[in-house]
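The numbering of the sequence shown is this note's numbering, which starts it at 86 and goes up by one.
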Amino acid sequence: MKYYITTPIYYVNAAPHIGHAYTTIVADLLKRYKSMLGFHAVLTTGSDEHGVNVERSAERAGKSPQVFCDAIAAEFARQWNVLSLGIDHFQRTTDPRHAAVVQDLFDRCRGNGYVYKGSYSGQYCIFDNLYVNDAAPGDPCPDCGRPTETIAEENFFFKLSAFAERLLALYESQPDFIQPESRRNEVVAFVRQGLTDISITRTNIKWGIPVAGESPHVFYVWFDALTAYMTAVADEGLWPADLHLIGKEIVRFHAVYWPAFLWAAGLELPKRIYAHGWLLFENDKMSKSRGNIVRAEPICQVMGADALRYFLLREVVFGTDGSFSYDALVGRYNSDLANGLGNLASRTLTMIRQYRGGVIPPAATTDIAAATISRVLSAYENFEFSKALEEIWSLISTVDKYIVTQAPWKHAKDATPEYLDETLYTAAEALRIATVLLAPVLPESTRKIWSQLGMKTSLESVRLDSLQWGGLEAGQPIGEIAAVFPRIDPKEAIGRMRELEERATAEQAVLMGKRPETAAPAEASAKISIEDFAKVDLRVGLVLSAERVKGADKLMQMKVDIGEPQPRTIVAGIAEAYTPEALVNRKVVIVANLQPRKLKGIESNGMIVAASVEGGKPVLAGFHEDIPVGARLK
Ligand code: MSP
């Protein structure tokens, strides 16, 4: 029985951070979990290397696209190594084998009549690789708010419109095809609006897979990227994937485009798509320009990969957005790992050494873990990782209390030998069961506890579906005891992680060749007069309220007081850089005399001023001193 899992193949125009690590760690957890259920579990990740963004990033770094991609792809692969992830395939889209699979998909779609040549003329956002229908020249991109460019070209189109009904029927008959429920609803609503055909080739991009015999066409990045899931396992015949694990922002490509491409080609569909939430840093979206990127490596160096895994899976309810902070990471480590699991292990094993000469006593028959086992397995099955961990920690705390009540240290001399045997066996067996259940989440530390318990078989070979009370063998000598989770001094650890993080930032800046975007020197004739500048009405505004615009990940709708009787409604492409809470009560700069413009059907009456570096997120202009609302900037 096979179980094929994929993560997104990551863009190489940003270096890996814990956001990417989050998805890949969960995929690794699921692979371990499925393996322990007897599946032949296979995990593919990779890198998405084509397209105009990568071409530009390479140019900025002063490298050829291929050399640039090699460097960043290696950085991703190194990251997965540092995290000891069980990756079977690292699929790069520049792998020559991949081009053939993409071409084959295209030929099949075309052969079946789902591809036609048409002409595209319209607005295009180079940052999102998005052709924006119904936009006028100069209109902003509905996703990022940056100005679109006008292009006219001949493209191959894919008849996406032919699949709307079939897709809706699929979502209906397989309700768990897209999970969680909220994402499924979003996709259903999107498809119900009707689907338009999409262009799947480009002629204005050089850095892409050429369409055979159709020069200068190259494949559109998503047609190319999604297919990587098949390329990776082409030799093993493992398609279809059992699970595509992705972040919520790319659900449409996976749940709408991808099944349609596969149907058109007469190929099998993936079984399930799970789109998880966003990992924020101290409640803000991580972004280069905000300088709040967190990488996995410094955390692994200071606290170990398991500490990061535990934190991400326990603290964030899988499927919803969650927040990372160094304080919370160290706090969780000390309270749950050092004081909880680590303490139970050392306490139990030390008592066995002290009172029973380091040999597991005769088995106790009272099973205190059956309910935990079944609840944890069903939580894993349902992607409820934080719940699974809560269940395991509730067992740990039950055993802790049990040990305190039994107080073996008080009764070492006066109680019957059976009393002590029972107490020690119960604690050790519960520890063994917790260790097995935790193996998919904490592979490195559970292996240590396993060998301290003196177990002979490998932990990974234990079958989760036959886990039950009594597996620990009486008479088995325990191994050498050592602290698995030594307590960590928060101040010292956080200081070291931040320092390593800064060093990594500097190293990666060199790798990416990134500098803030500098405006091209204005031509003499392009200089403007002071009168020209005075035409722009820049005002101090106070954000009164902010909410995300539904169906547009990047857009935020705000009410801004700029000193007029009524607040203005302003829509801006800043929702990936700021949370609504971070905006409310903030003083910002508004261009007050722009013509109103409709974004996602909402009229925006003004523009919020922000700076950005290419490929980065916008950073709002603000003031160091206080200044009244409505004041003009001149
Ligand atoms: N190349 C496309 C995916 C193509 S798949 C056929 C892409 N790449 S990406 O580099 O932008 O990666 C996006 C994915 O990285 C998200 O879907 C998610 O899995 C992961 N994450 C990146 N940052 C993240 C957070 N801050 N939080 C959670 N996941 C994040 O899109």
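Backbone N, C-alpha and C fix where the C-beta goes; we use that ideal spot for every residue, glycine too.
> Does the ligand MSP have even one heavy atom less than 7 Å from the beta-carbon of glycine 332?
Replying inline: yes
>> To test your reading of the DSSP string, which unbroken beta strand (DSSP E) runs of 3 or more residues are found completely within the region 495-576?
In response: none
>> Can you find the residues in the same chain that come closer than 7 Å, C-beta to C-beta, to phenylalanine 394, ignoring five residues on each side of it along the sequence?
In response: The residue asked about is misnamed: residue 394 is arginine in this sequence, not phenylalanine. The residues are Ile110, Val526, Leu527.
> First and last residue of the beta strand (DSSP E) that includes alanine 631?
Replying inline: 623-633
> Can you find a heavy atom of the ligand COA that lies under 7 Å from the Cβ of tryptophan 363?
Replying inline: Here the bound small molecules are the ligand MSP; the ligand COA is not part of this structure.
> Can you name, in chain order, every residue of its own chain whose Cβ lies under 7 Å from the Cβ of arginine 460, other than the five neighbours on each side?
Replying inline: Glu476
> Quick check: the region 326-345 against the region 354-370, are there 3 or more CB pairs under 8 Å?
Replying inline: yes
> Whole alpha helix (DSSP H) runs in the region 209-293 with 4 or more residues, listed along the chain?
Replying inline: 249-258, 266-277
>> I need the straight-line Cα distance from arginine 717 to valine 379, nearest angstrom please.
In response: 37 Å
> Counting along the chain, where does the beta strand (DSSP E) carrying alanine 360 start and finish?
Replying inline: 358-361
>> So, with DSSP's three-state summary, where would you put valine 698?
In response: coil
>> Using only CA atoms, which one of Glu584, Gly715, Glu616 lies nearest to leucine 627?
In response: Gly715
> Buried or exposed: serine 372, going by 16 or more other Cβ atoms within 10 Å of its Cβ?
Replying inline: buried
> Would you report the Cα separation of threonine 108 and threonine 511, rounded to the nearest angstrom?
Replying inline: 36 Å
>> My assumption, with CB atoms under 8 Å, is that glutamate 134 sits in contact with alanine 158. Please give the rounded CB distance.
In response: 7 Å
>> Looking only at its chain, what residues have a beta carbon closer than 6 Å to the beta carbon of methionine 643, apart from the 5 residues adjacent to it on each side?
In response: Val628, Ala631, Ile655
> So what does DSSP say about glutamate 353, is it helix, strand or coil?
Replying inline: coil
>> Using only CA atoms, which one of Gly691, Val595, Ala637 lies nearest to alanine 146?
In response: Val595
> What is the rounded straight-line gap between the Cα of glutamine 264 and the Cα of methionine 436?
Replying inline: 46 Å
> Within 10 angstroms of its Cβ, does glycine 136 collect 16 or more other Cβ (buried), or is it exposed?
Replying inline: buried
> Can alanine 695 and leucine 679 be called in contact, C-beta distance under 8 Å?
Replying inline: no
>> Cutting at 6 Å between CB atoms, please list the residues of its own chain near arginine 117, excluding the five before and the five after it.
In response: Pro525
> Taking the alpha-carbon positions, what's the isoleucine 90 to histidine 125 distance?
Replying inline: 11 Å
> Apart from the five residues just before and just after threonine 178, which ones in its own chain have a Cβ nearer than 8 Å to its Cβ?
Replying inline: Ile94, Gly131, Ser132, Asp133, Glu134, His135, Ile294, Asp309, Ala310, Ala313
> threonine 451 lies in the beta strand (DSSP E); which residues open and close that run?
Replying inline: Per DSSP, threonine 451 belongs to no beta strand (DSSP E) and is neither H nor E.
> DSSP beta-bridge partners for aspartate 133?
Replying inline: Tyr96
> What residue ranges within the region 397-434 form continuous beta strand (DSSP E) runs of no fewer than 3 residues, ordered along the chain?
Replying inline: 407-409
> So what's lysine 333 in DSSP terms, helix, strand or just coil?
Replying inline: helix
> glutamate 43 lies in the alpha helix (DSSP H); which residues open and close that run?
Replying inline: The chain is shown from 86 up to 719; residue 43 falls before or after that span and cannot be answered.
>> Assuming glutamine 176 is part of the beta strand (DSSP E), what are its boundary residues?
In response: 174-177
> Would proline 325 pass as a contact of proline 344 if the rule is Cβ separation under 8 Å?
Replying inline: no
>> Once DSSP output is grouped into helix, strand and coil, what is the label at arginine 375?
In response: coil
> Would methionine 641 be called buried (16 or more neighbouring beta carbons within 10 Å of its own) or exposed?
Replying inline: buried
> Looking at leucine 311 and the ligand MSP, is the gap between the Cβ and the nearest heavy atom below 7 Å?
Replying inline: yes
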